Amino acid sequence: MIRRTAAGLFLHDLKNRGLSAWTLSLLLIGFYGILYFGQYYWTPDSPCTDNASCYSEGAVCEAGACIRESRIERGQDWLYRTATVHIDELGWKIGASMDAATRPDGTLVRDENKNGVIDNWEHFGNRWTVYGMLYTLGILLGGAWVCFKYRHNRYQIVRTGVVMMVQTSFAFSLPILLKFFHKPEYYFSYMWPLKIDYLDPKNFAYYGEGLVLWGFFASLAVVPVMTLLYGKRWYCSWVCGCGGLANTFGEPWRHLSNKSSNAWRFERVAIYTVMGVAFLSTALWFASAVLPDSSSLHAAAAGTRKWYGLVVTASLSGAVGTGLYPIGGTRVWCRNFCPMAAFLGIIQKLGRFRIRVKKEMCISCGLCSKYCEMGIDVRSYAQAGLSFTRAACVGCGMCAEVCPRGVLRLENGAKVDPQELSLVSFLDESWKGASSSVAAKI
Amino acid sequence: MKIVIVGNGVAGVTCAMTARQRDPHAEITIVGGETDYFFSRTALMYSYMDRMSRRDLEPYERKAYAEQRIALLRDWVIDHHAEAKTVHLSSGATLSYDKLVLALGATPNRFGWDGINDVKDGLVHFVSMQDLDACERLTPTTREAIVVGGGLIGIELVESLLYHGVKVTFLIREPYYWPLALGREEGDIVTEQLRAHGVDVRYMEEMKRIEVDSVGRVSGVLTNKGETIPCQMLGICVGVRPSIDRLKAFTDPPQLGRGVVVDETLQTSFPDVFACGDCAEIQPIEGRSYTEMIWYSAKRQGRHVAANLFGDQLRYAPPIFFNSSKFFEVEYTTVGEVMALPEGTPTLFRKHPTKPLCQRILHNGDRVLGFNMLGSRWNHEILERWIRERRSPAWVVAHLADAQFDVEFGRANLAACIQRELPLAKEL
Ligand SMILES: Cc1cc2nc3c(=O)[nH]c(=O)nc-3n(C[C@H](O)[C@H](O)[C@H](O)COP(=O)(O)OP(=O)(O)OC[C@H]3O[C@@H](n4cnc5c(N)ncnc54)[C@H](O)[C@@H]3O)c2cc1C
Ligand code: SF4
Ligand code: SF4
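Going down the list, the sequences are from chains A and B. The first sequence begins at 40 in this note's numbering and counts up by one. The second sequence begins at 5 in this note's numbering and counts up by one.
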């Protein structure tokens, strides 16, 4: 029953797909639309020259200066000007004022793009700076709230603290500093296949061999080893910015994830499809880089870069992933589309992480399922007394937090409890457990 | 085989699912009068507190019943003919059965307080879905409420009312909270919680008379201390009893006592009729009869009956008792005999100097008998094993940390707890 106060009614509306939730969702999607697609409103007059970072945020040309200037000169498109340009302007101003602070004469200098060398802060200012700041702010404010709300739960405090730290350092400040020191913009908190261009040979020259080697090492050694030891949670709810935002700013909507077995079926088809596409795209890019010159291969590589950027990075992770928070819950992207989550999930199934279920103590209240952001029907395992490891579980620990009977615990046990069955078959398993335990007792 | 199950609570539904596992061909029908689908009664408060929708209370997806070929009928069973092996529904329909399972659950107690017959509105229980409907209907017009009865359901109702900004007076007949299961020290911790949340808790205070206003809605309660406390809602949570009232009107009722009397195979006085869950009163060959009115037992008995429907003749013997609960933020786990042990039973009582955190370990000098743990999470499977293994109290205290079940990084600090000897005292 809804609390009958103004605040109660509003919060219920906001958290339960009411009018305010839909409005917020539309605003967020609009924001992402402008952010990612604003510039596609026109095709550039002249081809973009700064290819190095063209794909670093998906199929988005970051330099964008050529497009920006021509738009402004022609005074076209109010949407473009008021939104994209102004966001860019704002970012540029932030960059420039930081630049000014570091210059002895205090002058603002803009567009000093000398022979492709990035001069100090010049490249810093654009809409991505603004976006990064908003994103970081979302994680910090949301994180502070989460730490307060779950102040009795050390796991939540430690985890949220780490996510906030990683976001402000590796995912925000460090890339800016790198640029300041004329180094490539590199986010150490992201790795292939989430940041798919880190293993794209096209970018190797830009990143330099050190970072490329790190990229391989991170994706092919650090990720599997850490995941075998601790489950995918070490990444998905301790490091990753997408998960970070979901678990902080997204806290009010975590319960909206769909728990039905149909949603689970969709998840499995969707996420492994995206993972397959990501793997094949990478393979294609390597092929086009090492195989003897073939223009059709190059064209295919360019095409996949563009479409992967547009569909997966911009639409699914950005607009759908975050824009749908108030409607579909916080982990729509992580659950259904993220190739990294799929990759980590498979390794998690083989590793030590599991959710331990105390036998017979569950009262089937369903709070655990309700507040699982990944849409896992935790109750179905708990009431059957089965410890489990689901590929999707990001180890946020919220099922254990909300359980009023303390039935659940996240563990890195030595024993593996694999569980990837349909609803009906795990009902089946619970019966097997049930009848054999009755028989055993008597 | 035609199996008819009366009652779609946890006992009935667990029985049906287990029976389906056993026999893919049986014809299984569940008749339940309260709701269309099985829901978790234990989570009523979370729906009242807007943490879950009603639909969220359903432990199984609705299509699971069709997939398992379990037919659901929303109806009340009002009669039974043993000879013809039929039950009759309030809609007029008749169902014939080969095996009948009674999983009727429990009904809230009501005593003959003065003025109760004048009450037309404002009096609620907190057991059924209809009770929740009534609570939700009354809450918006309620500023003050009184909850009578210091047990688990009472405190859940108190917490729910507080959520809605209602001022609550909690009348408890006993000298402290829930002496049936808690020692005085644990009870005091719960009292502190209640008071910290603004509840006016009154011990040793009972309801004498219910006052109503001109339209018959509850307007206040006169207590045995002579005070009249105003209220617009009166929650009565003074325990539950097996739901056997309808059975008394049956043409052929099974033998009834406090509940539906069953033997150790959970069979009633009729050979093909079984009972399980809250409504079953188990009469062992030797010893006193007992009812087990908790969720875990209902589930266990449901599974047990399912086995015996197929002629297994298994004898029901409950394992070492365990239960858990949560009083506001304070979690509670109990294992073994605790307050049922004789007065003066040696007890190690450990309490944190400042936090609501304590452990009570009962023993008989050389082995542990039971645990009452408040304020942190415990693995009851391990505590239970220690009782079975007859571990000594000293050994248990030394290994206590092994049974902790707190979240990672959040292990409760047992070392800070101060331990003392405290023989079990009973104030009931
Ligand atoms: C608010 C609350 C909180 C609780 N919390 C806990 C807890 O934390 N832990 C715990 O262990 N236990 C708890 N319990 C107790 C637990 O819910 C019960 O022990 C359990 O639900 C019993 O299950 P059952 O299947 O025997 O009966 P029920 O769940 O009561 O189901 C019986 C069903 O049969 C129906 N029925 C009865 N007669 C007929 C008829 N003639 N025809 C058709 N249908 C009929 C009833 O309407 C009812 O729907 C709680 C109970 C309540 C009310
Ligand atoms: S199962 Fe639990 S830990 Fe895993 S994602 Fe869901 S709520 Fe988080
Ligand atoms: S929250 Fe706990 S008690 Fe409730 S269904 Fe989940 S595991 Fe069971």
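For glycine and all other residues, C-beta sits at the position ideal for the given N, C-alpha and C. Please read all numbers here as calculations on a predicted model, not as lab measurements.
So for Cys404 (chain A), helix, strand or coil by DSSP? coil
Taking only the alpha-carbon atoms, compute the straight-line gap between Thr146 (chain B) and Glu196 (chain B) and give it to the nearest angstrom. When rounded, the distance between both Cα atoms is 25 Å.
For the putative contact between Glu140 (chain B) and Met40 (chain A), defined by C-beta atoms under 8 Å, what is the C-beta separation to the nearest angstrom? 4 Å
Check the C-beta distance from Tyr174 (chain A) over to Gly280 (chain A) and give it rounded, since I have them as a contact under 8 Å. 7 Å
Measure from the C-beta of His129 (chain B) to each C-beta in chain A and report whether the shortest distance is under 8 Å. No, no contact with chain A.
Quick one: what's got a C-beta closer than 6 Å to Ser59 (chain A)'s C-beta in the same chain, skipping five residues either side? Asp52, Leu53
Considering only heavy atoms of ligand 2, does any lie closer than 7 Å to the CB of Leu284 (chain A)? Leu284 (chain A): no, Cβ never under 7 Å from ligand 2.
Boundaries of the alpha helix (DSSP H) in which Asn301 (chain A) is found, first to last residue: Annotation for Asn301 (chain A): the continuous alpha helix (DSSP H) segment containing it runs 300 to 329.
Looking at the C-beta of His337 (chain A), does it have a partner C-beta in chain B at a distance below 8 Å? no
Could you name the residues of the same chain whose beta carbon sits closer than 7 Å to that of Leu466 (chain A), not counting the 5 residues immediately before and after it, in chain order? With a pLDDT of only 41 at Leu466 (chain A), under 50, the local geometry of the prediction cannot be trusted, and the value read off the model is given with reservation. Closer than 7 Å at the Cβ level, and outside the excluded window around Leu466 (chain A), lies no residue.
Who are the Cβ neighbours of Gly261 (chain B) in its own chain at under 7 Å, not counting the five residues just before and after it? Glu285, Ser293
Quick check: the region 291 to 311 of chain B against the region 10 to 27 of chain B, are there 3 or more CB pairs under 8 Å? yes
State the Cα-Cα distance for the pair Arg448 (chain A) and Tyr194 (chain A), rounded to the nearest angstrom. 11 Å
Quick check on His168 (chain B): does DSSP put it in helix, strand or coil? coil
CA-CA distance, Leu180 (chain A) and Gly202 (chain B)? 30 Å
Going by DSSP, what residues sit across from Ala253 (chain B) in a beta bridge? DSSP lists no partner for Ala253 (chain B).
So for Met56 (chain B), helix, strand or coil by DSSP? coil
Whole-angstrom Cβ separation of Ile324 (chain B) and Ile391 (chain B), contact assumed at under 8 Å? 6 Å
How about Ala98 (chain A): is its C-beta nearer than 8 Å to some C-beta of chain B? Reliability fails at Ala98 (chain A), whose pLDDT of 40 lies under 50, so the model's placement of it is uncertain and no value is given.
If we count Cβ pairs, one from each stretch, closer than 8 Å, do we get three or more for the region 144 to 159 of chain B versus the region 238 to 245 of chain B? Contact between the region 144 to 159 of chain B and the region 238 to 245 of chain B is present: three or more C-beta pairs spanning the two stretches fall below 8 Å.
As assigned by DSSP and simplified to three states, the class of Ile240 (chain B): The answer is strand: DSSP assigns Ile240 (chain B) an E or B state.
Just how far apart, CA to CA, sit Leu48 (chain A) and Cys377 (chain A)? If you take the alpha carbons of Leu48 (chain A) and Cys377 (chain A), they lie about 34 Å apart.
Partners in chain A for Gly414 (chain B), counting only beta-carbon separations shorter than 7 Å: Ordered by position in chain A, the residues that pass the 7 Å Cβ test against Gly414 (chain B) are Asn192, Arg193, Tyr194.
Measuring straight from C-alpha to C-alpha, what distance separates Gln408 (chain B) and Ser273 (chain B)? 45 Å
Can you tell me which of B:Ser132, B:Ala185, B:Leu184 puts its alpha carbon nearest to the alpha carbon of Leu4 (chain B)? Since the first residue shown for chain B is 5 and the last is 432, residue 4 (chain B) is missing from the structure and cannot be characterised.
Residues that Ala149 (chain B) bridges to, as DSSP identifies them: B:Val172, B:Met237
Tell whether a beta-carbon distance below 8 Å holds between Gln283 (chain A) and Thr337 (chain B). According to the sequence displayed, residue 283 (chain A) carries Gly and not Gln. No. Outside cutoff.
Beta carbon of Pro397 (chain B), beta carbon of Leu352 (chain B): below 8 Å? yes
Using beta carbons (cut-off 8 Å, strictly below), is Glu248 (chain A) in contact with chain B? no
Identify the contact partners of Lys409 (chain A) in chain B, using a Cβ-Cβ distance below 8 Å as the criterion. Arg55, Met56, Asp60
Can you find a heavy atom of ligand 3 that lies under 7 Å from the Cβ of Leu233 (chain A)? no
Against chain B, which members of the region 397 to 427 of chain A pass a CB distance test of less than 7 Å? Cβ contacts with chain B come from Lys397, Lys398, Glu399, Met400, Ile402, Ser403, Cys404, Gly405, Leu406, Lys409, Arg418, Gln422.
DSSP three-state call for Arg389 (chain B): helix, strand or coil? helix
Straight-line gap, Gly281 (chain B) to Glu296 (chain B) (C-alpha atoms, nearest Å): 7 Å
Kindly confirm or deny that the region 220 to 236 of chain B and the region 361 to 373 of chain B touch, where touching means at least three C-beta pairs closer than 8 Å. Judged by pairs of C-beta atoms under 8 Å, the region 220 to 236 of chain B does not touch the region 361 to 373 of chain B, as fewer than three such pairs exist.
Do Arg45 (chain B) and Gly13 (chain B) come within 8 Å of each other at the CB atom, strictly closer than that value? yes
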